[in-house]
Each structure stands twice: as structure tokens, then as C-alpha cells.
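Q: Sequential numbering from 4 applies to the sequence shown in the numbering used here. Cβ atoms here follow ideal geometry from the backbone N, Cα and C, with glycine treated the same way.
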Amino acid sequence: MNSACNNPLLSSSFLHQPLKSSRFPNVSIFFPIISNPITPNRCIPIKTTIKGSMESRNPTKGRSTSPRKFKPRYGTSRRSTIKKSLSQEQVNFTKPIPDDPVVGIIGGGMSGLTCALYLEKRGIRSTVFDTGIHGLGGRMGTRMIDHQPLIFDHAAQFFTVTNPKFAELVDDWLKRGLVREWKGTIGELEVGGNFVPFPSSPPKYIGVNGMRPLADSLLSQTSLVNVVRPCWVSALEPFNGTWHLSEKGKPCGQFDAIVIAHNGKCANRLLAASGLPLIAKQMKRLELSSIWALLAAFEDPLPTALNAASLPFEGAFVKGVESVSWMANNTKKLLASDSGPQCWTFFSTATFGKQNKVPQESIPNATGEKVKEAMLEGVEKALGLSKSSLQKPFYTKLQLWGAALPTNTPGIPCIFDPRGRAGICGDWLLGSSLEAAALSGIALADQIADYFEQGGPCSDEFAVGLHDEYKPLEGHDIGQFPGLDTVDQITNVPALTLAT
Ligand SMILES: Cc1cc2nc3c(=O)[nH]c(=O)nc-3n(C[C@H](O)[C@H](O)[C@H](O)COP(=O)(O)OP(=O)(O)OC[C@H]3O[C@@H](n4cnc5c(N)ncnc54)[C@H](O)[C@@H]3O)c2cc1C
Numbered sequence: 004m005n006s007a008c009n010n011p012l013l014s015s016s017f018l019h020q021p022l023k024s025s026r027f028p029n030v031s032i033f034f035p036i037i038s039n040p041i042t043p044n045r046c047i048p049i050k051t052t053i054k055g056s057m058e059s060r061n062p063t064k065g066r067s068t069s070p071r072k073f074k075p076r077y078g079t080s081r082r083s084t085i086k087k088s089l090s091q092e093q094v095n096f097t098k099p100i101p102d103d104p105v106v107g108i109i110g111g112g113m114s115g116l117t118c119a120l121y122l123e124k125r126g127i128r129s130t131v132f133d134t135g136i137h138g139l140g141g142r143m144g145t146r147m148i149d150h151q152p153l154i155f156d157h158a159a160q161f162f163t164v165t166n167p168k169f170a171e172l173v174d175d176w177l178k179r180g181l182v183r184e185w186k187g188t189i190g191e192l193e194v195g196g197n198f199v200p201f202p203s204s205p206p207k208y209i210g211v212n213g214m215r216p217l218a219d220s221l222l223s224q225t226s227l228v229n230v231v232r233p234c235w236v237s238a239l240e241p242f243n244g245t246w247h248l249s250e251k252g253k254p255c256g257q258f259d260a261i262v263i264a265h266n267g268k269c270a271n272r273l274l275a276a277s278g279l280p281l282i283a284k285q286m287k288r289l290e291l292s293s294i295w296a297l298l299a300a301f302e303d304p305l306p307t308a309l310n311a312a313s314l315p316f317e318g319a320f321v322k323g324v325e326s327v328s329w330m331a332n333n334t335k336k337l338l339a340s341d342s343g344p345q346c347w348t349f350f351s352t353a354t355f356g357k358q359n360k361v362p363q364e365s366i367p368n369a370t371g372e373k374v375k376e377a378m379l380e381g382v383e384k385a386l387g388l389s390k391s392s393l394q395k396p397f398y399t400k401l402q403l404w405g406a407a408l409p410t411n412t413p414g415i416p417c418i419f420d421p422r423g424r425a426g427i428c429g430d431w432l433l434g435s436s437l438e439a440a441a442l443s444g445i446a447l448a449d450q451i452a453d454y455f456e457q458g459g460p461c462s463d464e465f466a467v468g469l470h471d472e473y474k475p476l477e478g479h480d481i482g483q484f485p486g487l488d489t490v491d492q493i494t495n496v497p498a499l500t501l502a503t
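(1) Tell me the residue span of the alpha helix (DSSP H) that contains ASP453.
(2) State the DSSP-derived secondary structure class of LYS384, mapped to helix, strand or coil.
(3) Measure from the alpha carbon of VAL199 to the alpha carbon of each residue in GLY144, ILE189, TYR208 and ASN332, then state which is nearest.
(4) Quick one: which unbroken alpha helix (DSSP H) runs of 4-plus residues sit fully inside the segment 232-282? Chain order, please.
(5) Take THR163 and list the residues in its own chain whose beta-carbon comes closer than 8 Å to its own, dropping the five residues that flank it on each side.
(6) Quick one: grab the DSSP three-state call for ASP488.
(7) Is the Cβ-Cβ distance between ALA296 and THR348 less than 9 Å?
(8) Sorted by chain position, which residues of the same chain lie with C-beta nearer than 6 Å to PRO216's C-beta, five sequence neighbours on each side aside?
(9) How is the beta strand (DSSP E) around TYR398 delimited, first residue to last?
(10) Taking C-beta to C-beta, are PHE258 and VAL467 nearer than 9 Å?
(11) When the distance is taken between beta carbons, is ALA264 closer than 9 Å to SER114?
(12) Do the segment 385-403 and the segment 437-453 make contact, defined as three or more Cβ pairs closer than 8 Å?
(13) Flag ASP102 as yes if its beta-carbon sits less than 9 Å from any beta-carbon of chain B, otherwise no.
(14) By the 10 Å Cβ neighbour count, where 16 or more other Cβ atoms means buried, how is THR165 classified, buried or exposed?
(15) Across the segment 172-183 and the segment 151-159, are there enough close Cβ pairs to call them in contact, namely three or more that are closer than 8 Å?
(16) If ALA440 and GLY429 are in contact, beta carbons under 8 Å, what's the gap, nearest whole angstrom?
(17) Just checking THR134 against ligand 1 - is the residue's beta carbon closer than 8 Å to any of the ligand's heavy atoms?
(18) How far does the beta strand (DSSP E) with ARG183 in it reach, from first residue to last?
(19) Taking the straight line between their C-alpha atoms, what separation do you get for PHE316 and LEU337?
(20) Going by the CB atoms, is the gap between GLN160 and ILE481 shorter than 9 Å?
(21) Quick check: the Cα distance between GLY478 and ALA275, rounded to an integer number of angstroms?
(22) What are the boundary residues of the alpha helix (DSSP H) that GLU171 is part of?
Pasting the structure below:
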């Protein structure tokens, strides 16, 4: 695993440094897939008008005396969300940081979990809130159908490692038996069944029992982290020097700082009237793709036109078919088995996701049927099989990832507003991968820990990412895997790499 890390182009020390913005490095070195160079980060003082009143409003009192102000924020229109975000007052905490501060982390995906883990390493307590009913992990989803038994990773499929700090974390997971290297062949599948394998390096990693079990065990050795799920934090209110979190009016606790470790519409609504206009503005600039996931179990292994017995790969980026961008055999990947039901994950392209976008919570039956049919036809075409010859799956489950992957990024490890004692972490700040999410969580934990050590409240030097511009993101439709781009790019890259 360390070979990639030894490459000077990929190695970094920035995550060992406190992330005061004046010392930010140019992260495009580590995430070269960002299409434009990143402007150097600047330490820009927060410009929004600061008024003490925002912080002194009692959330409980406010709710009873002014019901209109506290009407549920979820369900409000995008226009009203944007208006609220822009016009809200900036909260300014002035109380000194207590000796034993506690952080509220809203989101238990990779970024929120690593943030909690690294806060613990710095001796800081936290509580992670997550909506997950079946487990933590967010877009590290695994679906298991017990009585069959069937298993599918239905979002993140595997990850690669380029940064030494992430490599350290992954080494620990390897030692604890939480992840293992995926040795199965992956590559590019051209429409018609022509498969070109990627080289075996850089190594690919997977959760031993899938991605969700990995997420659930990341915090198993911590003592300073509390996890609350399922819990959908629906309001953030600053009062008397702390943040008060609640779920539909039910208090969830008070915190000395908060971390927003999720994105999309939910985060925009949560931030719309929180007293964090700069953070809210940055979050709203994020754009996300939509991707359809089709989970399908077949009685027998799938053939290609060129190989009737079985496929020469376990995972493939599909080229030339609009309805499919990735396919992977979970049975081979997770169970190393050829026999029994064959569990496949198929993802659409982002273009197909956009063309067939519907509310993900209530997919109309007709759309669901149309999408499923188009995706199975796409699989057939990709494999080069004749029309209607693909065996019928005996189990299918269709899901729309309505906020799947970021398509733009500020290219900074995290965002932190020291006046509001609030930060953001997530994949989108650096890229679109589990590695980006983990690095962002680590960076924010260090930033908060440094800020706490300084004691507050004078703190503008700790402001990070509140004004950075966004750049478009490149990569595969399901994320970035440095070193596993397209076959063309891979064969063109070595000249540069080998010369170093
Ligand atoms: C289809 C698909 C395929 C992918 N494939 C890969 C891959 O193969 N490799 C790879 O590296 N990356 C892949 N990715 C990207 C990867 O999954 C993400 O980069 C990563 O999981 C993001 O982690 P995160 O912590 O930033 O956000 P999330 O994983 O989205 O975590 C946010 C969490 O916050 C919770 N939450 C939201 N609102 C609230 C609230 N109000 N209160 C409490 N909790 C809340 C959510 O439920 C969620 O659990 C894929 C993504 C998709 C969609």
C-alpha cells in the first residue's frame, strides 16, 4: 500500500499541520483530478455583521413565544431557504471554551466518523448523530437479504489510497481485519463485451463484509464518542455559549462546537436559519449528480459475448452505454464464491440519472420499471449479448441516489467558522471518494482541536474555507480513484511517473 504514498507527487504533510488557513498547502497535488488549479487559500476575516442577539436567543423560549419563527425548516422551498441563508445574522460566541468541550457531529458517513475518531485522538469528546436506521455509513451502504442470503454494496464499491494520513488509517483497519485488499480484476468494459483490465496497482480496498459493516466498526475502539441513531437533527440553535440541537422539537443536547458532516438539501435547510451565513453560502454552492443503483441477483454467472463460461472481471467501468456506468459482482468480491446466487450492483451514468430524475423517496412505479428495463438492457449491450438473452434476475432492488456525488469542489480539506464554532467536512470539499471524505474529517478534527487549544473567543486566524471559489470536479461517475482513471489515461501517465 505504501508504494503510492512514496510517490512524491502523492505524498503530503499538510494533514500533520494545524490547518490554520495561512498555512494551507495547494491540495491539487494530492487530488490532481480537480480540473483547474486551486487558488491558494487565504485567511480572510469574517465580514458578515456580527450581532450578539443571535446567540442570546433561548431556543425553548423562542419556540413557545414565536411559533412562526420555529416552524419546521424541512419542507420549505429552495427559494425561501436561499433567502433565509443570505439574510441571517452571524452568530458570535464569546464565552471561553470549557476545559472539557464536546462537539456535536451531524452525519455518520465516512467524514463524520473520521472527524469523531480524530477528535478523540486529541482528547475531545463528541456525539455523532445519523439518520441511518440499519447502521451508520451514509453512502457506504451495504444491503443484506438474510433469508436468501444476498449481499450488495449499493453505493461505495471500493477505495484507493494516495495520502499518507489516509494510508495510516487504512493500515490500522487492515490490522483490525475491517478492510482487505480487493484482488479481483477490474477494468473498462466497452459496449459489445470488450474488456480491458486495469493494472493491479494501485491496490483497491473493500470492507471485509461490505462497506456498511466497516462504517459501523470504525468507532468500536473509541471511548470519547457517543453515537445517536436513527436521529435526524432538524434544528441548530445557538444559546448561552453553546449549540442546542434538536430533532423535530425534541432536544438532542448542547455542544461547544458543531460539525455538519452531510450535504445537499438537508444541510441547506438545516443551515438556512442557523446563524451561520458564510457556512450556509458555501454549502449552497455545492452541486450534486444523481445516480440510479440497480441491485440484481441471478441464478447463474453472467457470460459475455466473448466468454460464455464466466466474466473475466469482478468490477468494470462501462463505456458506451448511457444507462450503465459501473457493474460489480458482490458475490465474487465479498464472498469469493462462484456458486450460488450471483449478486450484482449496476450504477447508471450521471447523465441517465439526470434524465430520469424523480423524488428519491417516492419513485413512481412507471419510472422505476422503465429505469430497470433500460439498465438491464444496458448491461446486455455492455456484455455484447444478443437482445433479450440476459437471464432474468430473481431479485431486484432499484434505488435512486438523488444527491450522489459532487460535481464541483472548493478543493480545501474543510470549512471552519470560529465565530460560529461550526465546521463542515465531507467528500465534496476535496473530491468525490471515501479517501476525500476521510481526509476532510481528519482535517476538521485537527482544526477544531487547535482552535479549542487556543481557548477562543479571539479566533479569526482559524477561519478556513469561508470564501473559497469552486472548481468543476472530474473523475468517474461514481467517484475518483487516482491511478484508475481510463485505460487511455493510465497508459499515458507512466512516462511522467516513471521519470521521477
Ligand atoms: C452510487 C455511488 C457510488 C460510489 N462509489 C464509490 C466508490 O466506489 N469509491 C469511493 O471512494 N467512493 C464512492 N462513492 C462516494 C462515497 O460514497 C462518498 O464520497 C462518501 O461516502 C461520502 O462520505 P460523507 O461522510 O462525506 O457523506 P455521507 O456518506 O453522505 O454521510 C452523510 C451522513 O449524514 C446523514 N445525515 C444527513 N442529514 C442528517 C441530519 N439532519 N441529521 C443526522 N444525520 C444526517 C446521512 O444520512 C448520512 O449518513 C460513491 C457514491 C455513490 C452515491
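A: Let's see:
(1) 437-457
(2) helix
(3) ILE189
(4) 268-274
(5) ALA7, PRO205, PRO206, LYS207, TYR208, SER436, GLU438, PHE484, PRO485, GLY486 and LEU487
(6) coil
(7) yes
(8) GLY210
(9) 398-404
(10) no
(11) yes
(12) no
(13) Absent from the structure: chain B. Only one protein chain is present.
(14) buried
(15) no
(16) 6 Å
(17) yes
(18) 182-184
(19) 14 Å
(20) yes
(21) 31 Å
(22) 167-178
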